[in-house]
Amino acid sequence: MTFFRRLAATARLWWRVMRMQRVTRDGWFYLAFTLAVGVAAINTGNNLLYLVLGLLVSVLLLSAFLSETVLSRLRIEREVPPYGVAGQPFRVGIVVHNRKRRLASHSLVISEVGIEGARTYVARVGPGESVRAYWVGAQPRRGVMQLAGFRITTRFPFGLFEKNREILVADRIPIHPAGVLPARAAELLPQSPGVVPLPAPGRGLDFYALREYRQGDDLRQVHWKASARTGRLHTIEKEREQQRRVTLLLDTRGAASPEALDGAADLAVGLARRLIAEGCEVGLRLPDDEVPPGGGRAQILRIADRAARMLPAPASAAAPQPFPGTAGVVVPLVPAPPPLGEERPPAPRWIPPTEGRLDLHGTQRLAVFCALGLALGSLAISGELATALALPFAASALVGFFRDRPLLGPLAANLLTLVVFLATALAVVALGLDIMLVAPGFVILLASVRLLARRGAGDDFLLLLMASMMLAGGAALTGELSYGLLFAGFAVAGTIALATTHLRREVEAVAGAAASRAPGTVTGALLSLLGGLSLLVLLGSVLLFLSFPRVSVGLLARKEGPVVGGGGDRIELGGVGVLKDDPTPVMRVRFLGGEPPREIYWRTT
2 MTFFRRLAAT ARLWWRVMRM QRVTRDGWFY LAFTLAVGVA AINTGNNLLY
52 LVLGLLVSVL LLSAFLSETV LSRLRIEREV PPYGVAGQPF RVGIVVHNRK
102 RRLASHSLVI SEVGIEGART YVARVGPGES VRAYWVGAQP RRGVMQLAGF
152 RITTRFPFGL FEKNREILVA DRIPIHPAGV LPARAAELLP QSPGVVPLPA
202 PGRGLDFYAL REYRQGDDLR QVHWKASART GRLHTIEKER EQQRRVTLLL
252 DTRGAASPEA LDGAADLAVG LARRLIAEGC EVGLRLPDDE VPPGGGRAQI
302 LRIADRAARM LPAPASAAAP QPFPGTAGVV VPLVPAPPPL GEERPPAPRW
352 IPPTEGRLDL HGTQRLAVFC ALGLALGSLA ISGELATALA LPFAASALVG
402 FFRDRPLLGP LAANLLTLVV FLATALAVVA LGLDIMLVAP GFVILLASVR
452 LLARRGAGDD FLLLLMASMM LAGGAALTGE LSYGLLFAGF AVAGTIALAT
502 THLRREVEAV AGAAASRAPG TVTGALLSLL GGLSLLVLLG SVLLFLSFPR
552 VSVGLLARKE GPVVGGGGDR IELGGVGVLK DDPTPVMRVR FLGGEPPREI
602 YWRTT
């Protein structure tokens with residue numbers, strides 16, 4: 002029973018890891034290369050190729066498990082504005098809470114479900130912390146913007162797999178009409194807006210009557226000419242004033258669709274804004290709804306909010322009538338005004354960290370070139386690397402490191418790649434050279450061309466893939482102990498380069514190419530994470546290397562020419578072994594004195 006429980010628990014774990022997992026384009030390239038190295042290792046039985054295979058597989062496993070960890074125990078809240086205005090940008094805030102105790106979440110792309118381009122990027126959310134971000138959007142017409150929920154996507158740590166999770170958080174944002182008045186809108190306004198004098202004494206501005214001065218009257222209102230003529234003090238009395246009250250009448254029964262009301266809604270908001278600015282109290286009446294008269298900015302927002310949600314009324318509804326004591330202003334159904342600006346998708350935003358001096362661009366570039374140098378070194382110690390290949394690669398690396406702009410255009414780079422491919426094919430087919438010796442040179446020349454045409458982090462991923470090919474070539478051609486040191490260095494530098502390449506691509510996709518150069522984009526926490534990832538990859542490589550079964554099938558072995566093989570058969574410790582299924586030599590032996598004996602045995606432990 003315990004066995005079946007463990008089996009079920011393992012199945013549930015793999016389901017959580019692999020659910021909603023998508024292999025990216027870079028991931029397919031990486032999987033294809035891993036498969037090729039696996040075939041080469043099984044075909045030759047080369048232990049060092051098994052070591053490289055362990056490195057590649059450990060990166061895959063770590064990527065799959067970390068993507069699940071990144072998305073677990075996250076809670077997201079939305080901070081919506083009270084309203085938006087058609088054609089004008091508005092900002093929607095997002096708060097990400099990480100409820101994990103010890104593990105941080107990295108490289109999160111949070112997008113609104115069903116809204117194209119409404120997304121933001123969160124670089125890191127520490128354990129138990131909350132991070133605020135936002136996206137900026139604009140809607141071309143009035144209405145109510147429905148927000149259904151979030152989709153959290155991550156390609157962390159290496160960009161090989163994309164995993165997402167959806168969280169339903171419903172919200173809505175009313176999009177008010179812009180309120181742009183046409184030139185003929187003045188014809189709709191009442192002739193005497195603002196305040197209206199009443200035939201009664203008060204504190205207005207217009208003259209009402211003269212009367213005798215009373216104790217407490219304002220001396221500034223004394224009419225001195227009348228006082229001098231009569232010999233008694235007279236004061237001026239003004240007419241009382243009251244605010245004009247207006248009802249905007251909008252008959253929506255004749256509209257065929259909500260879009261047909263956009264022009265009338267825009268006109269109603271514009272009229273309300275002008276009348277309230279002139280001192281009027283303004284109300285709105287529709288066949289199926291109303292906004293009582295009022296003044297001030299709050300009344301404008303109330304009218305705009307109702308205009309944003311306005312729909313055609315049924316034909317059976319009564320026509321709108323003015324509020325008692327108000328003047329009616331009929332708002333006609335007019336065509337919608339042209340948009341204020343071009344419709345554009347929401348702009349994603351990223352709030353970069355402010356601590357530290359290191360930038361992501363420089364850190365990633367240094368790690369990539371360190372990985373390239375270590376991979377080239379693994380080929381150099383084999384003795385099979387020609388100087389004619391090493392020098393162009395070194396020159397291209399120097400140009401690529403110190404020059405930000407590419408030296409070669411896309412057309413020139415493609416032509417050079419084609420020339421390199423044809424030259425390699427000619428060397429193998431026509432000259433009969435061993436493909437094991439020609440392939441590393443082909444990869445070095447490809448990397449040299451890519452270094453001269455390097456444009457961004459996408460090219461850097463291809464360079465890292467070529468560096469891994471060089472590492473595999475070194476494993477196939479060398480048996481030096483120093484390869485182990487170069488392999489360990491590549492496992493560390495390559496892991497850091499792969500992770501920072503992914504992070505740089507995510508940051509630049511959201512905030513532009515200059516964002517990755519900002520100081521503080523590489524923090525102490527990120528450096529600690531990168532160091533931990535590299536150590537995990539190195540340890541995983543060793544463990545997988547020790548756990549791989551050693552087989553050597555020799556399916557792709559050449560019948561003529563040198564063959565590189567490995568000890569795939571079981572050989573008892575202390576005995577003399579013979580490879581039963583492949584009689585070809587499995588290592589190079591240099592005899593320093595004289596001819597070798599007729600029979601040579603390989604003793605292995």
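So the mapping is simple: my numbering equals the position in the sequence shown, first residue as 1, plus 1. Glycine included, C-beta positions come from ideal geometry on N, C-alpha and C.
Residues that DSSP places opposite residue i in a beta bridge
i: His235; result: Glu213
i: Pro175; result: Val145
i: Glu291; result: Arg286
i: Gly607; result: There is simply no residue 607 to check, as the chain begins at 2 and stops at 606 in what is shown.
i: Ile77; result: Val97
i: Leu359; result: Val523
i: Lys164; result: Gln22 and Thr155
i: Ala328; result: Val247
i: Arg223; result: According to the sequence provided, residue 223 is Val. The question's Arg does not apply to it. Thr236.
Integer-rounded CB distance, given that residue j should sit under 8 angstroms from residue i
i: Ser131; j: Val86; result: Their Cβ separation, rounded to whole angstroms, is 29 angstroms, which puts Ser131 and Val86 out of contact at 8 angstroms.
i: Ile111; j: Arg120; result: 6 angstroms
i: Val114; j: Ala65; result: The Cβ separation is near 25 angstroms, so there is no contact.
i: Val508; j: Thr522; result: 7 angstroms
i: Phe549; j: Ser379; result: The Cβ separation is near 20 angstroms, so there is no contact.
i: Val421; j: Phe443; result: 6 angstroms
i: Ala391; j: Ala381; result: 7 angstroms
i: Thr496; j: Val538; result: 5 angstroms
i: Tyr31; j: Leu161; result: 5 angstroms
i: Val247; j: Thr154; result: About 51 angstroms separates the two Cβ atoms, so there is no contact after all.
i: Gly541; j: Leu49; result: With a Cβ gap of about 17 angstroms, Gly541 and Leu49 do not count as contacting.
i: His106; j: Val71; result: In the sequence as displayed, the identity of residue 106 is Ser instead of His. The pair is a contact, with the Cβ atoms about 5 angstroms apart (cut-off 8 angstroms).
i: Gly459; j: Arg506; result: 7 angstroms
i: Asp360; j: Arg518; result: 5 angstroms
i: Pro321; j: Asp252; result: 6 angstroms
Cβ pair residue i, residue j closer than 8 angstroms
i: Leu211; j: His235; result: yes
i: Thr418; j: Leu465; result: no
i: Ser535; j: Ala492; result: yes
i: Val330; j: Leu272; result: yes
i: Leu438; j: Leu408; result: no
i: Arg156; j: Glu163; result: yes
i: His98; j: Ala305; result: no
i: Ala42; j: Tyr51; result: yes
i: Arg74; j: Arg100; result: yes
i: Arg92; j: Val137; result: yes
i: Asp289; j: Ala337; result: no
i: Tyr122; j: Val511; result: yes
i: Val335; j: Ala265; result: yes
i: Arg358; j: Pro520; result: yes
i: Met471; j: Ile445; result: yes
i: Leu375; j: Ala494; result: yes
i: Pro128; j: Leu104; result: yes
i: Val283; j: Ile277; result: yes
i: Ala473; j: Val53; result: yes
i: Leu67; j: Pro158; result: yes
i: Cys281; j: Arg245; result: yes
i: Pro175; j: Val145; result: yes
i: Leu614; j: Glu291; result: Residue 614 lies beyond the stretch modelled for the chain, which goes from 2 to 606, so this question has no answer here.
i: Arg143; j: Asp263; result: yes
i: Gln222; j: Ile237; result: yes
Cβ-heavy atom distance, residue i to the ligand COA, below 7 angstroms
i: Ala179; result: What this structure holds is no ligand at all, so the ligand COA is not there to describe.
CB contact check: residue i to chain C, cutoff 8 angstroms
i: Leu540; result: No chain C is part of this structure, which consists of one protein chain only.
Could I get the ranges of all uninterrupted alpha helix (DSSP H) runs contained in the segment 82-146, with 4 residues as the minimum, in chain order?
none
Which runs of the beta strand (DSSP E) fall wholly inside the segment 401-450 and span at least 3 residues, in chain order?
none
For the pair the segment 302-311 and the segment 73-92, tell me if three or more CB-CB distances fall below 8 angstroms.
yes
Would you check if there are 3 or more beta carbon pairs closer than 8 angstroms linking the segment 397-417 to the segment 538-545?
no
Any contact of the segment 367-381 with the segment 495-502, i.e. 3+ C-beta pairs under 8 angstroms?
yes
Would you be able to state if there are at least three C-beta pairs under 8 angstroms between the segment 256-265 and the segment 316-324?
no
Whole beta strand (DSSP E) elements within the segment 20-54, 3-residue minimum:
22-24
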